[in-house]
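Participant:
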Amino acid sequence: MDQADHQKNLKKNTVVSIFSLFFQSGYAAILGLIANLVLTISLPPATFGIYILTLSIISFLNYFSDIGLAASLVQKAEVSDDDIATTFTVQQLLIVSLLIIAFLVTPVIQNLYNLPQNAIYLYWALLVAFFLSSLKTIPSIMLERQVQFQKIVLVQVVENTIFYVTVSILALAGFDLFSFVYAVLIRAICGTLLMYYLSFWMPRFTVNRTSLKGLLSFGLPFQTNTFLALVKDDLILLYLGKVLGLEALGYIGWAKRWAEAPIRMIMDNISRILFPIFARLQHEKDKVSKLTNKILFFQTMLLAPVYTAMLLLMHFVVELIPKYNKWEPALPIFYLLCISAFLSSYSTPFINLFNALGKVKISFRYMLYWTVMTWILMPILTTTYGVNGFAYTLIFLSLTCFAIMIHAKKYIDLELVKNVVPFILASAIMGVVVFGVEMLGVSLLTLIITSLVGAAVYLGILIGILRIPIIHEIRSIFKYE
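Each residue of the sequence shown is one higher than the one before, starting from 10 at the first, in the numbering used here.
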């Protein structure tokens, strides 16, 4: 295949993958919204806090599962069978060791957080799912390297459907934490079987020293960043669960999930595509610059109005949904986390850019700063302001996005004013109009009218006043070469 055909094929796979991921996110978002409502209506905040706590423990274990070898396989231009087998072998040795340790320390974890026995069953179920998930790594990487995310998406759609439907039905039936136990296990088994059906790879155990050395040259610095993210995000939740209590952790988990939902749906998908794409185009500065500017354009166009609406209308959701007013104490945290999430979304594309260009040390310095400042500020601010201290810390850290964008301009050409400012301006005007309309009172009809008026005002400003060629920009996605 010549260079032109390669570029065309990469473009085709990229577009298909992007839309597949967004379909999956939209589908998962609808399912997740329904399930989240069922769970947060059916379960008390403390139970929700236990689920958040156990997920954080598994995230801690997940860090040690492959020491960056999987990322190396994606980033590397060419991989051999020995590279793949070595990655799988080392990963499984690490995971089995971790699982043995994790099971042995069960009494320590139970006593540390005063967990009930059904929480331990959830912990064990997540450990089993953790092992099954590791078996999907190589088949998934093979699809990522081919930029065939649509097949990965199919697995995720099936997994999400099984998990959300199962956990919702069981929660309504009164299974409490066991709703998560059964749902987690069923999802893991079905997802692993389907992944191997779509991208079969016969496991092979071997360790090639040459391959291992080459993979670790990128993998260890990359995994160091992952470790810092782990310390910054998941270990801090374990700390807060102990210091503030499980109910407070439940409030934080609720606010964080709602506030980060647009990021999970939009930026996470973009990030998954960016790393392999940037890695393939790392020597073509013009194309990388053009792609990055398009990302800034579309992410701001989507996220700015969404977060403006969420800030103004979330109290409607809490008041209108039956039995949902128990989450009202979490609203102040939610508002602050929305601001933090929006700002931090501008760090994500550039961290991926630095990693794909092989400049992992730059990402490491930022991650180190975030981690150190998290552990300095979080204990101080949570002691002073309680659960709100968590949000204050994240807002402070999210301000780093401005320094990151300035740093990125050293490597690519950015048009920040053109791709960011118009959408923020239009969202601000939309926010003023929405605030006025919602004064009609709290009702479902008001919520619907306010949403429709807000959307109309936003699009009207972009198209009618600012003359933003939205349709042209969308079409340009398919013309990009």
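The C-beta atom is built at its ideal place from N, Cα and C for all residues, glycine as well. These numbers come from a predicted model, not from an experiment.
Using CA coordinates, which residue listed in 207, 182, 172 and 113 is at the minimum distance from residue 157?
Facilitator: For this step, residue 157 is matched to residue 148 along the sequence shown. The shortest Cα separation from residue 157 among 207, 182, 172 and 113 belongs to 207.
Participant: Confirm, please, whether the CB-CB distance from residue 55 to residue 256 is below 8 Å.
Facilitator: Mapped onto the sequence shown, residue 256 falls at position 247. Mapped onto the sequence shown, residue 55 falls at position 46. Yes.
Participant: With burial defined as no fewer than 16 other Cβ atoms inside 10 Å of the residue's Cβ, what is the status of residue 212: buried or exposed?
Facilitator: To locate residue 212, count along the sequence shown from 1; it is residue 203. Exposed, by the Cβ-count rule.
Participant: Just confirm the distance between the C-beta atoms of residue 138 and residue 102, as a whole number of angstroms; I'd bet it's less than 8 Å.
Facilitator: Your numbering for residue 138 matches position 129 in the sequence shown. Your numbering for residue 102 matches position 93 in the sequence shown. Actually they do not touch by this definition, with Cβ atoms about 19 Å apart.
Participant: Would you check if the segment 127 to 134 and the segment 153 to 170 touch, i.e. whether three or more CB-CB distances between them fall below 8 Å?
Facilitator: No, the segment 153 to 170 does not touch the segment 127 to 134.
Participant: Residue 126: buried (16+ other C-beta within 10 angstroms of its C-beta) or exposed?
Facilitator: The count along the sequence shown starts at 1 and reaches residue 126 at position 117. Label assigned to residue 126: exposed.
Participant: Starting from the C-beta of residue 328, find all residues in its chain whose C-beta is less than 7 Å away, skip the five residues before and the five after it, and write them out in chain order.
Facilitator: Residue numbering aside, residue 328 sits at position 319 when the sequence shown is read from its first letter. For residue 328, where only same-chain residues beyond five positions count, the Cβ hits under 7 Å are 334 and 451.
Participant: Find out if the Cβ-Cβ distance for the pair residue 463, residue 442 is shorter than 8 Å.
Facilitator: Numbered from 1 along the sequence shown, position 454 holds the residue referred to as residue 463. Numbered from 1 along the sequence shown, position 433 holds the residue referred to as residue 442. Yes.
Participant: List the endpoints of the continuous alpha helix (DSSP H) containing residue 209.
Facilitator: As a working mapping, residue 209 is identified with position 200 in the sequence shown. Neither: residue 209 is in no alpha helix (DSSP H) and is coded neither H nor E.
Participant: Of all the options 400, 311 and 332, which has the alpha carbon lying nearest to the alpha carbon of residue 430?
Facilitator: Taking the sequence shown and counting its residues from 1, one reaches residue 430 at position 421. Checking every option, the nearest Cα to that of residue 430 belongs to 311.
Participant: Give me the Cα-Cα distance between residue 387 and residue 246, rounded to the nearest whole angstrom.
Facilitator: Translated into the one-based positions of the sequence shown, residue 387 becomes position 378. Translated into the one-based positions of the sequence shown, residue 246 becomes position 237. Going from the Cα of residue 387 to the Cα of residue 246 covers about 10 Å.
Participant: Applying the 10 Å Cβ sphere with the 16-neighbour rule, what's the burial state of residue 74?
Facilitator: Within the sequence shown, residue 74 is the residue found at index 65, counting from 1. Only weak support is given to the placement of residue 74: the predicted model assigns it a pLDDT of 48, under 50, and the question is left unresolved by the model.
Participant: Just the C-alpha distance for residue 449 and residue 324, rounded to the nearest angstrom, thanks.
Facilitator: Walking along the sequence shown from the start, residue 449 turns up at place 440. Walking along the sequence shown from the start, residue 324 turns up at place 315. Rounded to whole angstroms, residue 449 to residue 324 spans 14 Å at the Cα level.
Participant: Would you kindly report the start and end of the unbroken alpha helix (DSSP H) that includes residue 6?
Facilitator: Residue 6 lies beyond the range of the chain shown here (10 to 490); nothing can be said about it.
Participant: Taking only the alpha-carbon atoms, compute the straight-line gap between residue 313 and residue 435 and give it to the nearest angstrom.
Facilitator: Locating residue 313 in the sequence shown gives position 304, where the first residue counts as 1. Locating residue 435 in the sequence shown gives position 426, where the first residue counts as 1. Rounded to whole angstroms, residue 313 to residue 435 spans 9 Å at the Cα level.
Participant: Please list the terminal residues of the continuous alpha helix (DSSP H) segment that includes residue 336.
Facilitator: Numbered from 1 along the sequence shown, position 327 holds the residue referred to as residue 336. Taken as a continuous stretch (DSSP letters only), residue 336 belongs to no alpha helix (DSSP H), as it is neither H nor E.
Participant: Can you give the beta carbon distance from residue 398 to residue 262, rounded, assuming they're within the 8 Å contact cut?
Facilitator: The residue given as residue 398 occupies position 389 in the sequence shown. The residue given as residue 262 occupies position 253 in the sequence shown. That belief does not hold up - the Cβ atoms of residue 398 and residue 262 are roughly 16 Å apart, past 8 Å.
Participant: Output the boundary residues of the alpha helix (DSSP H) element that contains residue 101.
Facilitator: For the purposes of this step, residue 101 is identified with residue 92 of the sequence shown, where counting begins at 1. That run of the alpha helix (DSSP H) goes 90 to 113.
Participant: Just checking residue 217 against the ligand FAD - is the residue's beta carbon closer than 7 Å to any of the ligand's heavy atoms?
Facilitator: Among the components of this structure there are no ligands whatsoever, and the ligand FAD is therefore not found.
Participant: Which value, in whole angstroms, describes the spacing of the CA atoms of residue 93 and residue 175?
Facilitator: The count along the sequence shown starts at 1 and reaches residue 93 at position 84. The count along the sequence shown starts at 1 and reaches residue 175 at position 166. Near 34 Å, if we compare the C-alpha coordinates of residue 175 and residue 93.
Participant: Can you say whether residue 189 is buried or exposed, counting buried as having 16 or more other CB atoms within 10 angstroms of its CB?
Facilitator: Within the sequence shown, residue 189 is the residue found at index 180, counting from 1. The residue is buried, with at least 16 neighbouring Cβ atoms inside 10 Å.
Participant: If you follow the alpha helix (DSSP H) that residue 420 is in, where does it begin and where does it stop?
Facilitator: In the sequence shown, residue 420 corresponds to position 411, counting from 1. Segment: none, residue 420 is in no alpha helix (DSSP H) and carries neither H nor E.
Participant: Buried or exposed for residue 293, going by 16 or more other Cβ atoms inside 10 Å?
Facilitator: Against the sequence shown, residue 293 aligns to sequence position 284. When all chains shown are included, residue 293 counts as exposed.
Participant: Taking residue 63 as the reference, which of 433, 273 and 124 has the closest Cα?
Facilitator: As a working mapping, residue 63 is identified with position 54 in the sequence shown. Cα-wise, what sits closest to residue 63 is 124.
Participant: Quick one: grab the DSSP three-state call for residue 477.
Facilitator: As a first step, residue 477 is located in the sequence shown; it is residue number 468 there, counting from the start. Correct three-state label for residue 477: coil.
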